[in-house]
């Protein structure tokens, strides 16, 4: 992904499980929406994901052998692609399947070389990721700013989502 140039700005969210990455997205997305931005989100999961609960029509059709199942309603549509023996798609391949957007926020995909915000909670008892990950450009935390912070990393208050939105907008503009 070193030379990958997306058509739309990408910002990743990194953090340990339970740090609040999804919660931060829930707070930031409405603010970006109110600003008129179309924002797509890609979230990785290490779990098996289902379109519908087992036993429902689309799950039954998928298990019967469909390569892809699209579930559509007047309100939304969802596409499930069965990988079976295929390799897991890259972030670039997943992005290419999405509709155009002003911004794509990426939760997970830890190894993707994209600018990132780390969601860090000292109460989890884990070390921050930013010292070992050069793609982390900001840390959103409910903890104290460390006395020594690399100049390339900005410390944000996790409880002030407007601060996070401002950072995203400034980063998106560069």
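Residue numbers (my numbering): 80 to 253.
The C-beta atom is built at its ideal place from N, Cα and C for all residues, glycine as well.
Buried or exposed: residue i, going by 16 or more other Cβ atoms within 10 Å of its Cβ?
i	result
residue 208	buried
residue 216	buried
residue 252	exposed
residue 141	buried
residue 243	buried
residue 156	exposed
residue 185	buried
Does the beta carbon of residue i sit closer than 7 Å to a beta carbon anywhere in chain D?
i	result
residue 204	Considering every chain present, this structure includes no chain D. It has just one protein chain.
Looking at residue i: is its Cβ nearer than 7 Å to the Cβ of residue j?
i	j	result
residue 130	residue 151	no
residue 246	residue 237	no
residue 197	residue 94	yes
residue 106	residue 211	no
residue 174	residue 91	no
residue 214	residue 195	yes
Note down the Cα distance separating residue i from residue j, rounded to an integer number of angstroms.
i	j	result
residue 137	residue 89	31 Å
residue 228	residue 201	15 Å
residue 250	residue 125	28 Å
residue 168	residue 231	31 Å
Tell me which residues share the same chain as residue i and place their Cβ nearer than 8 Å to its Cβ, disregarding the 5 neighbours each side in the sequence.
i	result
residue 183	85, 87, 88, 89, 90, 118, 119, 120, 121, 174, 177
Between which residues of its own chain and residue i is the CB-CB distance below 7 Å, once the five residues before and five after are set aside?
i	result
residue 205	95
residue 187	122, 123
Spatial neighbours of residue i within its chain, please: CB distance less than 6 Å, with the 5 preceding and 5 following residues excluded, ordered by chain position.
i	result
residue 148	137, 140, 141, 159
residue 110	244
| query | Is the segment 159-167 close to the segment 100-111, with three or more CB pairs under 8 Å? | reply | A contact between stretches requires three or more CB pairs, one per stretch, nearer than 8 Å, and the segment 159-167 fails this requirement with the segment 100-111.
| Can you find at least 3 beta carbon pairs, one from the segment 218-226 and one from the segment 112-127, that sit closer than 8 Å? | Verdict: no, contact absent.
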